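Here the structure comes first, spelled out in structure tokens, and everything after it is commentary.
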Amino acid sequence: MEKSNMRKAYGQALLDLGKENEKIVALEADLGKSTMSNMFGGEFPNRYFQMGIAEADMASTAAGLALTGHIAYMSTFAVFATGRPYDQIRSSICIPRLNVKICGSSAGLSDFGDGKTHQSVDDIAIMRVLPNMKVFSPADANETEVITKAMADIPGPCYIRVNRNDVPLVTEKGAAYDGKVKCMKDGSDVVIFATGYMVWRALEAAKKLEAEGVSARVVNVSTIKPLDAEGVLAFAKGMKAALTVEEASVIGGLGSAVAETLIAGPAESRIPLVRQGMMDTFGTSSKEYEQLLEEYGLGIDDIAAKAKEALALA
Amino acid sequence: MSYDAKLLKYLKKMAAQVRVDIVEMIPPGKAGHLGGSSSIADVTAALYFHHMKVNKDDPKDPNRDRLVFSKGHAALTQYACLCELGYFDRKWLKEVKTLHGVLQGHPDMDKTPGIEAVTGSLGQGLSVSLGMALGLRLDGSDSRVYCVVGDGEMEEGQIWEAAMAAPAHKVDNLCAIVDCNKVQATDTIENVLPFANVPGKWAAFGWHVIEIDGHNFEEILAALDEAKTVKGQPTVIIANTIKGKGFPFAEGKAAYHNAAMSEEQFAEAQRLAQEMLEEADK
Numbered sequence: 031m032e033k034s035n036m037r038k039a040y041g042q043a044l045l046d047l048g049k050e051n052e053k054i055v056a057l058e059a060d061l062g063k064s065t066m067s068n069m070f071g072g073e074f075p076n077r078y079f080q081m082g083i084a085e086a087d088m089a090s091t092a093a094g095l096a097l098t099g100h101i102a103y104m105s106t107f108a109v110f111a112t113g114r115p116y117d118q119i120r121s122s123i124c125i126p127r128l129n130v131k132i133c134g135s136s137a138g139l140s141d142f143g144d145g146k147t148h149q150s151v152d153d154i155a156i157m158r159v160l161p162n163m164k165v166f167s168p169a170d171a172n173e174t175e176v177i178t179k180a181m182a183d184i185p186g187p188c189y190i191r192v193n194r195n196d197v198p199l200v201t202e203k204g205a206a207y208d209g210k211v212k213c214m215k216d217g218s219d220v221v222i223f224a225t226g227y228m229v230w231r232a233l234e235a236a237k238k239l240e241a242e243g244v245s246a247r248v249v250n251v252s253t254i255k256p257l258d259a260e261g262v263l264a265f266a267k268g269m270k271a272a273l274t275v276e277e278a279s280v281i282g283g284l285g286s287a288v289a290e291t292l293i294a295g296p297a298e299s300r301i302p303l304v305r306q307g308m309m310d311t312f313g314t315s316s317k318e319y320e321q322l323l324e325e326y327g328l329g330i331d332d333i334a335a336k337a338k339e340a341l342a343l344a
Numbered sequence: 338m339s340y341d342a343k344l345l346k347y348l349k350k351m352a353a354q355v356r357v358d359i360v361e362m363i364p365p366g367k368a369g370h371l372g373g374s375s376s377i378a379d380v381t382a383a384l385y386f387h388h389m390k391v392n393k394d395d396p397k398d399p400n401r402d403r404l405v406f407s408k409g410h411a412a413l414t415q416y417a418c419l420c421e422l423g424y425f426d427r428k429w430l431k432e433v434k435t436l437h438g439v440l441q442g443h444p445d446m447d448k449t450p451g452i453e454a455v456t457g458s459l460g461q462g463l464s465v466s467l468g469m470a471l472g473l474r475l476d477g478s479d480s481r482v483y484c485v486v487g488d489g490e491m492e493e494g495q496i497w498e499a500a501m502a503a504p505a506h507k508v509d510n511l512c513a514i515v516d517c518n519k520v521q522a523t524d525t526i527e528n529v530l531p532f533a534n535v536p537g538k539w540a541a542f543g544w545h546v547i548e549i550d551g552h553n554f555e556e557i558l559a560a561l562d563e564a565k566t567v568k569g570q571p572t573v574i575i576a577n578t579i580k581g582k583g584f585p586f587a588e589g590k591a592a593y594h595n596a597a598m599s600e601e602q603f604a605e606a607q608r609l610a611q612e613m614l615e616e617a618d619k
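First to last, the protein sequences are chains A and B. Note that the numbering used here gives residue 236 to position 206 of the first sequence, counting from 1, and the numbers run on in steps of one. Note that the numbering used here gives residue 564 to position 227 of the second sequence, counting from 1, and the numbers run on in steps of one.
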């Protein structure tokens, strides 16, 4: 199993973008070493703005840079990239649909040691609810590169959340971005919609389920907004039940997005659904990432059990 | 520095016209920000009608100077100036805050030609202006960015984030103007959240500070010209003003921060503004 790091992929993609397009600028709030946007800063110091530990100012300054025709990538930890400057993102960036690309780094529980103040459970929900905002949650380093680069061409505000830790590769390098949900493994009993690192874990869970005679389809949802509703409905069609898995609050997150889509679809799409993720809770500190994921029901066995729970509802 | 008498007379006249327009945008019985719009009317008139590079025929002209009202609730002043410059038809002045109208309750760059950003949620405009200043410098442009901040708005922490960041980035194409009218939405600043030594605060953060009477055109023009000569740091002009300036019934009163005028008050405001205009034209 080849592992790779989404932060490195983000930093490298940003650097590549900088080489291709002089309109790309980057802003940082004293965490450039963690977000790896410092790779861009090393090569393009004139286009790299250290804003200090002042995320509100960073967000509105990014808006100003976009207003002069630049494509502004602002990066910091996901909690500080979204919740802290929420109104700045809303008012300065989203209302005028400016070309600001927000990178929420160390997203979800991936900053396992730092605890609840540093673990983003609400970032997907609060970015998703903003009009004009697009929300991306890549499954691995390859997809992080694809989406980071695609954001430069997607007009308007974008939010990408990336994992802090080395995680397995599940997608191909250099794929073209199309915004569609992707079937990673086919199955016939239950469909698992997963996002981020949870895609690999859902695939592992599907292997376990297979051994127990349960056939699970695993779908990667890396573009959470705008959601490929057609794809979600197509992959849910004919399934007995559905499960969503995310390293974020199910309230407003992928779980909500899929539920909204299934309930609004044709009668046949209204299959039993279980949403697994952060169940209306903040995180906590842990010595190990795996241990923390298991604490919140995101262990591979937990995911397999939840799939069976969904099927039991059918 | 002394300025041509004709220029001063012209600006006085335009500032009076701006007040005429502001009143037109606040019909009787409809709430409008008379106080904070008229306190900054003279500075804004000096910017639009003389100091800034503007181009009504191409509102997005890359060579233009930018003006951002971080205190977005004073948009009526900006609307009046843009209207007088011909950015949009006069008929819209009577249609402020109407559905599908050009003139929103707070500045919206997508709706109003000549408006540069979205402001209204206080505290953000100075950071937006900083971003513009950085972007223009990056592009080798000699355009300048002006940002009007309210004195009550200085209670927002983000103002001080931007106040710290702008000198750190040595932006000398950025000029903030603090409209020190000493009154905020519900009461005087003294009664809401008193804070002392405004010029000293900005100086301590690394800004070149100029303090003026914000209703004296010679002082306004001299400050704007001085700001242009400052290198390696941003300038802040502390404009001491009177909330509701020109309308004695509203002057210095929080009640007219965003109030509806009666028929009588509206007629009085119209008369006062008209008299200012006639006086300036003498």
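Ideal Cβ placement from N, Cα and C applies to all residues, glycine included. Note that the coordinates shown come from a computational prediction; the quantities given were computed from them, not determined experimentally.
Is it right to say residue i is buried, meaning 16 or more other beta carbons lie within 10 angstroms of its own, or is it exposed?
i, result
"LYS568 of chain B", "exposed"
"THR147 of chain A", "exposed"
"ASN534 of chain B", "exposed"
"PRO161 of chain A", "exposed"
"SER121 of chain A", "buried"
"PRO365 of chain B", "exposed"
"LYS212 of chain A", "buried"
"MET309 of chain A", "exposed"
"ASN528 of chain B", "exposed"
"GLU490 of chain B", "buried"
"GLN602 of chain B", "buried"
"THR566 of chain B", "exposed"
"ASP447 of chain B", "exposed"
"LEU436 of chain B", "exposed"
"VAL283 of chain B", "This structure cannot settle anything about residue 283 of chain B, because the visible part of chain B is limited to 338 through 619."
Does the distance from the C-beta atom of residue i to that of residue j stay below 8 Å?
i, j, result
"SER376 of chain B", "ILE547 of chain B", "no"
"CYS512 of chain B", "ILE574 of chain B", "yes"
"ALA337 of chain A", "SER299 of chain A", "no"
"VAL515 of chain B", "VAL465 of chain B", "no"
"GLY409 of chain B", "HIS443 of chain B", "yes"
"ALA246 of chain A", "GLY285 of chain A", "no"
"TYR424 of chain B", "LYS393 of chain B", "yes"
"THR98 of chain A", "SER167 of chain A", "no"
"VAL102 of chain A", "LEU95 of chain A", "Sequence check: residue 102 of chain A is Ala here, not Val. Yes, Cβ-Cβ distance for ALA102 of chain A and LEU95 of chain A is below 8 Å."
"VAL151 of chain A", "SER252 of chain A", "no"
"LYS350 of chain B", "ALA564 of chain B", "no"
I'd like to know if residue i contacts chain B, where contact means its C-beta is closer than 8 Å to some C-beta of that chain.
i, result
"THR65 of chain A", "no"
"ILE222 of chain A", "no"
"SER90 of chain A", "yes"
"GLN149 of chain A", "no"
"SER105 of chain A", "no"
"ASP117 of chain A", "yes"
"ALA18 of chain A", "Missing from the structure shown is residue 18 of chain A; chain A here goes from 31 to 344 and no further."
"GLY99 of chain A", "yes"
"ALA93 of chain A", "yes"
Identify, in the order they occur along the chain, each residue of the same chain with its Cβ nearer than 7 Å to the Cβ of residue i, setting aside the five sequence neighbours on each side.
i, result
"GLY82 of chain A", "ALA59, ASP60"
"ASP87 of chain A", "MET81"
"ASP258 of chain A", "GLY209, LYS210, VAL211"
"GLY543 of chain B", "PRO504, GLN570"
Please confirm whether residue i has its beta-carbon closer than 8 Å to some beta-carbon of chain A.
i, result
"LEU467 of chain B", "yes"
"GLY472 of chain B", "yes"
"LEU440 of chain B", "no"
"ASP395 of chain B", "no"
"LEU475 of chain B", "yes"
Identify, in the order they occur along the chain, each residue of the same chain with its Cβ nearer than 6 Å to the Cβ of residue i, setting aside the five sequence neighbours on each side.
i, result
"TYR227 of chain A", "ASN193, VAL197"
"CYS355 of chain A", "With chain A represented from 31 up to 344, any question about residue 355 of chain A goes unanswered, as that position is not in the structure."
"MET104 of chain A", "LEU57, MET88, ALA92, ILE132"
"GLU555 of chain B", "TYR340"
"PHE142 of chain A", "SER316, TYR319, LEU322"
"GLN118 of chain A", "ALA86, ALA89, SER90"
For the ligand PLP, is there a heavy atom less than 7 Å away from the beta-carbon of residue i?
i, result
"GLU555 of chain B", "Inclusion of the ligand PLP in the displayed structure is not the case, the ligand content being empty and no account of it being possible."
Cβ-based contacts, 9 Å cut-off: residues of the region 447-465 of chain B near chain A: ASP447, GLU453, ALA454, VAL455, THR456, GLY457, SER458, GLY460, GLN461, GLY462, LEU463, SER464, VAL465
Going along the chain, which residues of the region 483-512 of chain B sit with their C-beta nearer than 8 Å to a C-beta in chain A? GLY494, GLN495, GLU498, ALA499, MET501, ALA502, ALA505, HIS506
Interface residues of the region 292-321 of chain A facing chain B [CB-CB below 9 Å]: none
Can you list, in chain order, the residues of the region 58-83 of chain A whose Cβ is nearer than 7 Å to any Cβ on chain B? ASN76, ARG77, PHE79, MET81, GLY82
At a CB distance below 7 Å, what residues from the region 121-133 of chain A approach chain B? Give them in sequence order. SER121, SER122, ILE125, PRO126
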